[in-house]
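A.B. asks: These protein sequence lines map, in sequence, to chains L and Y. Those letters in the first sequence? Residues 19 to 429, by my numbering. Those letters in the second sequence? Residues 554 to 810, by my numbering. C-beta atoms are modelled at their ideal positions from N, C-alpha and C, and glycine is treated no differently.
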Amino acid sequence: MSEREFWPEGVERCDLGKFLAWLGFISIFLVWGAYGAYKVLGTGIGVTALDNYFGFGLWITFDLAVIALGAGAFFSGFLRYIMRIDELKNIINLAVIVGFLCYSGAMLILVLDIGQPLRAWFGYWHPNVHSMLTEVIFCITCYCTVLIIEYVPLILENRQIAKNRFCHHLAHNFHVYMPLFAGIGTFLSTFHQGSLGGMYGVLFGRPFVFREGFFIWPWTFFLFVASAIASGPAFTMLCATFMETITGRKLVSYETKKLMGKIAGLLLCFYMFFKILDTYAWAKGILPGMGLTFDQMYNSAAGYGKTWLWVELFWCGVIPAIMLVTPAVRNRPALLYTAAILDCVGIVINRFVFTVQALAIPVMPFDQWFSYAPNWAEWSTSLMIIAYGFLVMSLSYRYLPIFPQERALNR
Amino acid sequence: MQHMEFKVKWGMVIDLDKCTGCGACSIACRAENNIPPMQDASNKLRTTDWMNIYELSNGKKFPDLEIAYLPRPCMQCGKPSCSTVCPVVATTKDEEGGIVSQVYPRCIGCRYCMAACPYHARYFNWFDPIWPEGMEKTLTPYVSARPRGVVEKCTFCHHRFNAAKEQARMSGADPLDLPEDAYIPACAEVCPTGAIVFGNLKNPEHRVAKLAASKYAFRLLARLGTDPQVYYYSKRDWVRQLGDNYLQKELKGGEHV
Ligand code: SF4
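#1: Counting contacts by CB-CB distance shorter than 8 Å, is L:Asp69 in contact with chain Y?
#2: DSSP three-state call for Y:Tyr799: helix, strand or coil?
#3: Below 6 Å CB to CB, which residues in the same chain sit around L:Phe13 once its five sequence neighbours on both sides are set aside?
#4: If we count Cβ pairs, one from each stretch, closer than 8 Å, do we get three or more for the segment 625–635 of chain Y versus the segment 167–187 of chain L?
#5: Could you check whether the segment 567–587 of chain Y touches the segment 740–747 of chain Y, counting it as contact only if at least three pairs of C-beta atoms, one from each stretch, sit closer than 8 Å?
#6: Three-state secondary structure (DSSP) at L:Pro236?
#7: Helix, strand or coil for Y:Asp568? Go by DSSP, reduced to three states.
#8: Hey, could you find the ends of the beta strand (DSSP E) Y:Asp705 is sitting in?
#9: According to DSSP, is Y:Glu608 helix, strand or coil?
#10: Please return the same chain residues whose Cβ sits closer than 8 Å to the Cβ of L:His148, not counting the five positions on each side in sequence.
#11: Rounding to the nearest angstrom, what Cα-Cα distance links Y:Val810 and Y:Leu569 in this structure?
#12: Tell me which same chain residues have a C-beta within less than 6 Å of the C-beta of L:Arg348, skipping the five on either side of it?
#13: Do Y:Ala621 and Y:Ser787 have their beta-carbon atoms positioned less than 8 Å apart in this structure?
#14: Alpha carbon to alpha carbon, what distance is there between Y:Ile737 and Y:Pro700?
#15: Using a Cβ-Cβ cut-off of less than 7 Å, give me the residues of the segment 120–134 of chain L that come near chain Y, in sequence order.
#16: Going along the chain, which residues of the segment 657–672 of chain Y sit with their C-beta nearer than 9 Å to a C-beta in chain L?
#17: Give me the subset of the segment 300–327 of chain L whose CB atoms are less than 7 Å from a CB atom of chain Y, sorted by chain position.
#18: Could you tell me whether the Cβ of L:Asn108 comes closer than 8 Å to any Cβ of chain Y?
#19: Is there at least one non-hydrogen atom of the ligand SF4 closer than 7 Å to the beta-carbon of L:Cys160?
#20: Just to confirm, are Y:Arg713 and L:Phe74 a CB contact at a threshold of 8 Å?
#21: Counting pairs of beta carbons, one from the segment 298–308 of chain L and one from the segment 223–242 of chain L, are three or more of them closer than 8 Å?
#22: Using only the heavy atoms of the ligand SF4, determine whether one of them is closer than 7 Å to the beta carbon of Y:Ser740.
#23: Below 7 Å CB to CB, which residues in the same chain sit around L:Phe199 once its five sequence neighbours on both sides are set aside?
#24: Taking Y:Leu618 as part of the alpha helix (DSSP H), name the residues at either end of that continuous run.
#25: Considering only the alpha carbon of each residue, which of L:Phe253, L:Tyr272, L:Cys162 lies closest to L:His210?
#26: Does the beta carbon of Y:Gly778 sit closer than 8 Å to a beta carbon anywhere in chain L?
#27: Between L:Gly62 and chain Y, is the shortest Cβ-Cβ distance under 8 Å, so that the two count as touching?
#28: Determine the closest residue to L:Phe16 out of L:Phe72, L:Arg183, L:Ile365, with distance taken between C-alpha atoms.
#29: Just checking Y:Pro640 against the ligand SF4 - is the residue's beta carbon closer than 7 Å to any of the ligand's heavy atoms?
#30: Can you give, in chain order, each stretch of the beta strand (DSSP E) that sits fully within the segment 764–792 of chain Y and has at least 3 residues?
#31: Closest Cβ-Cβ distance between L:Pro197 and chain Y: below 8 Å?
#32: Alpha carbon to alpha carbon, how far is Y:Glu649 from Y:Asp602?
#33: With distances taken from CA atoms, which of L:Ile404, L:Arg416, L:Met411 is nearest L:Trp77?
#34: Listing by chain order, which chain L residues have their CB less than 7 Å from the CB of Y:Ser634?
#35: Measuring only between beta-carbons, confirm whether L:Met411 sits less than 8 Å from chain Y.
#36: Using a Cβ-Cβ cut-off of 7 Å (strictly less than) and excluding sequence neighbours within five positions of L:Ile155, which residues of its own chain qualify?
Have a look at this one:
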């Protein structure tokens, strides 16, 4: 049986040699990252550049960023299966795989990040109901399981696997129950996206991230949910475009992409409205209440200047929000993609400053600013996760029918 | 989280006008609590000093320049920022005189408590502890050695509290009403200038309770609301003012000022 018979019905793929060369290239990062992971697990996270000031660094930033960007999965699922926006069926499979990769990747990084990986299960065994991180641990693992459940039927749809009657029926039944999983996923995802924000918002010893509460949650709970759903669809759409560029084939219609851009744009407007209000209230209310000024929160010499704030709020916030809700802009691919990239970059900056800058700022009046730069061990393992994403996505693209429009678009 | 109050509240008052910054408290703490020597201590942000000493300055030029030294143990906050965030209840504020405990075998090393603590009083074990040959003879048998990958911190030498309670029980006294100096941590015991005073903040007979009530006493970052059980004491305005963040218009500083 030739390898071609594993491809989805009626599509074209590059020849096997080229594909293997591509996988070989990806493997360079996988091997380098595996070496980093071996060092980290073998000798502890002392091999990283983290220290007692920066207990959180690149890894946690990476985790939070990919979890936000992976929100396309739950939000597209919610819109497709619960709000019944039918057009999204053309991109929902991709959204599921991107979500799965983001979440499983984040969990792999977390295993490296905690000092005692063998005790990772303590989060379930000795849960602290007061801790936002407990909620994150529960929701993130449950949601990752939901994503696996959503991914399995896609694997079962491989042309050869689907020939097996049992697999075929199993895949069919999974699809029947997909709205249920979409609902569970939406519930779980909303909570942990929020709790990730809540994790920072409750740090009343850190004025940079501390926020007042709304019920039991600080404001950041809601801001993180909003920013995740504002960037997730944009990221999924960019992933589709990136795959089209690499493979040279049309995978998703531009109409569907525009719809994803519109959804992201509307949500980004919603998010930016509250984010700007939040920033104002924080600068005018919370900081003075703690005896601090806005200026004290920034330090260019240490690498944490106000530029980050303006880039996040204006260039990667307000500008893409306006662009994405403007139909004339969305009709021009280059502008749509630019706006989507800015949107995603803004969210990554947000997660970065909440993670790293928050720890760099001296809280005691006689303390000083510190800087942090990740080292090879953190980069290699983070790149390994990206490479793992490329690997799974490449295999999925080659062998699974994830793009329902592909055949028609390339006729 | 609501504020925790217990019958006994162990506390400390550190007189910053007496402290010379000699570092004896820090060394005593290391020896008493089995803090291993570091292979390479060049990165000061990776060291483990449960009792860290900060240098404070009035910011003026010589000859008006003044310096003060501020030893910083764990503040044993009444409303700890660390324990509520810990996902696995590895750190709690408990009945033991309000000392914030740290359960090493349960800690998963997520370092969220470190991010929460504004005093930087928590330390992560970045490396496996390595004890030079012969040092095992000097280790304190009542203090566990911590493995790589967990967070640790000052516990007010909690093992000494246990010993004092046992002693009290054996002699028929009330372990919840220990006399002054029946239990003191290593840092307070060793301080050559007597700058560190330790005792039950709820016992008005204890010196620590009287000093804490003084108008010259203040606590670090009091306005954050962590309610520390460590007080500082100084008659110098600028020192008290450095205890918290103050805006230009509210330049007074110091809790009681
Ligand atoms: S590092 Fe340990 S004590 Fe601190 S929050 Fe994590 S599990 Fe709890």
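C.D. replies: In short:
#1: Cβ-Cβ to chain Y under 8 Å: yes for L:Asp69.
#2: Annotated three-state conformation of Y:Tyr799 is coil, per DSSP.
#3: What is shown of chain L runs 19 to 429, which leaves residue 13 of chain L out entirely.
#4: Taking a contact to require three or more Cβ pairs closer than 8 Å, the segment 625–635 of chain Y and the segment 167–187 of chain L do not qualify as touching.
#5: Touching, per the Cβ criterion.
#6: Under the three-state reduction of DSSP output, L:Pro236 falls in the strand class.
#7: Strand at Y:Asp568.
#8: According to the sequence displayed, residue 705 of chain Y carries Glu and not Asp. Where Y:Glu705 is concerned, the enclosing beta strand (DSSP E) stretches over 704–706.
#9: In the structure shown, Y:Glu608 sits in a strand (DSSP, three-state: E or B).
#10: Result list for L:His148: empty, nothing under 8 Å.
#11: Only weak support exists for where Y:Val810 lies, its pLDDT of 43 falling under 50; the value from the coordinates is given anyway. Rounded to whole angstroms, Y:Val810 to Y:Leu569 spans 17 Å at the Cα level.
#12: Taking L:Arg348 as the centre and dropping the five residues before and after it, the same chain places the C-beta of Lys276, Gly279, Leu354 closer than 6 Å to its C-beta, in chain order.
#13: At a Cβ-Cβ threshold of 8 Å, Y:Ser787 and Y:Ala621 count as neighbours.
#14: Straight-line Cα distance between these residues: approximately 26 Å.
#15: Residues Ile132, Gly133, Gln134.
#16: Of all residues in the segment 657–672 of chain Y, only Pro658, Arg659, Cys660, Ile661, Gly662, Cys663, Arg664, Tyr665, Cys666, Met667, Ala668, Ala669, Cys670, Pro671, Tyr672 come within less than 9 Å of chain L when Cβ atoms are compared, listed by chain position.
#17: Answer set for the segment 300–327 of chain L: Pro306, Met308, Gly309, Leu310, Thr311.
#18: For L:Asn108, the answer is no, since every Cβ of chain Y falls outside 8 Å of its Cβ.
#19: No, the ligand SF4 has no heavy atom inside 7 Å of this Cβ.
#20: No.
#21: In short, these stretches touch, since the Cβ pair count reaches three.
#22: Contrary to the premise, residue 740 of chain Y reads as Cys rather than Ser in this sequence. Y:Cys740 Cβ: outside cutoff for every heavy atom of the ligand SF4.
#23: Within its own chain, the residues whose Cβ lies closer than 7 Å to the Cβ of L:Phe199, once the five positions on either side in sequence are excluded, are Val164, Ile167, Glu168, listed in chain order.
#24: No residue range can be given for Y:Leu618, since it is assigned to no alpha helix (DSSP H) and is classified by DSSP as neither H nor E.
#25: Nearest of L:Phe253, L:Tyr272, L:Cys162 to L:His210, Cα basis: L:Cys162.
#26: At a cut-off of 8 Å between C-beta atoms, Y:Gly778 counts as an interface residue with respect to chain L.
#27: Interface criterion met: the Cβ of L:Gly62 is under 8 Å from a Cβ in chain Y.
#28: Not covered by the structure: residue 16 of chain L. The range shown for chain L is 19 to 429.
#29: Yes, the ligand SF4 has a heavy atom inside 7 Å of this Cβ.
#30: Segments of the beta strand (DSSP E) lying fully in the segment 764–792 of chain Y: 783–786.
#31: No, because no Cβ of chain Y sits closer than 8 Å to the Cβ of L:Pro197.
#32: In this structure, the alpha-carbon of Y:Glu649 lies about 23 Å from that of Y:Asp602.
#33: It is L:Ile404 whose Cα lies nearest to the Cα of L:Trp77.
#34: Per Cβ cutoff of 7 Å: Leu221, Phe222, Gly223.
#35: For L:Met411, no CB of chain Y lies under 8 Å from its own CB, so it is not counted at the interface with that chain.
#36: These residues qualify, in order along the chain: Gly141.
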